[in-house]
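Enquirer:
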Amino acid sequence: MFRRYRSYQKGEFVVVGVDTSWGGTDYSAAQFLSKTNLDVPTVFHSRTTATEMTPKIHLELERIYDETKVKPVVAFERNNGGVAEMERLATLNRNDKYRIYVEKSNVGTTDSIEDSVKLGWTTSSASRPTMLSMLKEAIDHNLITIYDKPTVNEMFSFIISQTSSSWKAQAESGAHDDLIISLAIAWQLYQSERPLIKKEHKRKERKRTRLHV
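Position one of the sequence shown corresponds to residue 1 (the numbering used here), numbered consecutively onward.
(1) Sort out for me which residues DSSP pairs F156 with in a bridge.
(2) From the DSSP output, in three-state form, read off H141 for me.
(3) Taking all protein chains shown into account, do 16 or more other C-beta atoms lie within 10 angstroms of the C-beta of K296, making it buried, or fewer, making it exposed?
(4) Between F32, G11 and S157, which lies nearest to F76 when the distance is taken from Cα to Cα?
(5) Nearest-angstrom Cα distance between L196 and T49?
(6) Buried or exposed, going by whether 16 or more other CB atoms sit within 10 Å of the CB of W22?
(7) If we call anything under 7 Å between Cβ atoms a contact, is R78 one with T130?
(8) Could you tell me if R99 is buried or exposed, where buried requires 16 or more neighbouring beta carbons within 10 angstroms of its beta carbon?
(9) Please go through the same chain and pick out, in chain order, the residues whose beta-carbon is closer than 6 Å to the beta-carbon of F13, but skip the five residues on each side of it.
(10) What ranges does the alpha helix (DSSP H) occupy inside the region 2-84, keeping only unbroken runs of at least 4 residues that lie completely in it?
(11) Spatial neighbours of I244 within its chain, please: C-beta separation below 6 Å, excluding the five flanking residues on both sides.
(12) Quick one: what does DSSP say P195 is sitting in, helix, strand or coil?
(13) Measure from the alpha carbon of Y8 to the alpha carbon of each residue in K104, T68 and A186, then state which is nearest.
Right, here's the structure in full:
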């Protein structure tokens with residue numbers, strides 16, 4: 001279910017985009033994007049439900065923290081039951097080793113980014129073209145190193161098709177787009193998320209001066 005391409009490094013900050021599935025022929029997918037190295041060291045990809053996927057993502061997020069000592073940030077797509085799974089993931093986070101993404105507004109614009117009250121990422125008719133366009137631009141400019149061949153293959157099967165009212169980017173007939181959508185979500189997190197900075201409080205020791213008589 002996990003395809004790993006390198007080890008995590010101490011101090012590395014990872015953001016995770018997750019595309020959920022309720023089974024059938026659809027896949028659940030997660031792209032673990034390193035904001036530090038601008039590559040994708042780990043990919044989760046399985047024909048499994050979101051319910052089955054969540055505990056596996058939880059364990060991987062804890063593993064990332066244990067190796068990097070930096071809390072990763074994760075966003076499940078809110079569609080296809082993702083809202084319930086985000087809540088479940090938050091409950092599993094008893095050791096506080098990762099952060100749950102809070103949906104932002106104004107990402108990718110000149111306006112200031114603001115938090116909403118929603119956990120996870122909403123893929124809608126408004127957000128989908130923008131997130132895919134921004135991912136395409138990043139890939140065209142070689143900003144992300146992608147080791148995963150199935151992800152690259154999905155990109156080659158992604159087409160622009162005409163609907164009754166507009167043009168839409170989607171997987172061609174018989175193909176999937178789970179890996180692309182999850183990577184597009186991760187790229188959105190790349191732009192808005194920052195690692196938490198630990199504030200170290202140093203104890204100030206008072207120096208005692210002895211008087212010698």
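For every residue, glycine included, the Cβ atom is placed at its ideal position computed from N, Cα and C. None of these values were measured; they are calculated from a predicted model.
Expert: Quick look at the numbers:
(1) Against the sequence shown, residue 156 aligns to sequence position 156. Bridge partners of F156: none, in fact.
(2) The residue given as residue 141 occupies position 141 in the sequence shown. Three-state result, H141: coil.
(3) A question about residue 296 goes unanswered here, because the residues of the chain that appear run from 1 up to 213.
(4) Within the sequence shown, the letter at position 76 stands for residue 76. With distances taken between Cα atoms, F76 lies closest to F32.
(5) Locating residue 196 in the sequence shown gives position 196, where the first residue counts as 1. Locating residue 49 in the sequence shown gives position 49, where the first residue counts as 1. Their Cα atoms are separated by approximately 31 Å.
(6) Here residue 22 refers to the residue found at position 22 when the sequence shown is read from its first residue. Exposed: under 16 other Cβ atoms inside 10 Å.
(7) If you number the sequence shown from 1, residue 78 lands on position 78. If you number the sequence shown from 1, residue 130 lands on position 130. Between R78 and T130, the C-beta gap is not smaller than 7 Å, which leaves the two residues out of contact.
(8) Counting from 1 along the sequence shown, the entry for residue 99 is found at position 99. Under a 10 Å Cβ-count criterion, R99 is classified as buried, with 16 or more other Cβ atoms of the shown protein chains found around its own Cβ.
(9) Here residue 13 refers to the residue found at position 13 when the sequence shown is read from its first residue. Excluding residues within five positions, the ones whose Cβ falls inside 6 Å are K35, T36, V70 and P195.
(10) Complete alpha helix (DSSP H) runs here, min 4: 50-68.
(11) No information on residue 244 is available, as it lies outside the stretch 1 to 213 that the chain covers here.
(12) The sequence position of residue 195 within the sequence shown is 195, counting from 1. Note: P195 maps to coil in three-state DSSP.
(13) The residue you call residue 8 lines up with position 8 of the sequence shown. The option with the nearest alpha carbon to Y8 is T68.
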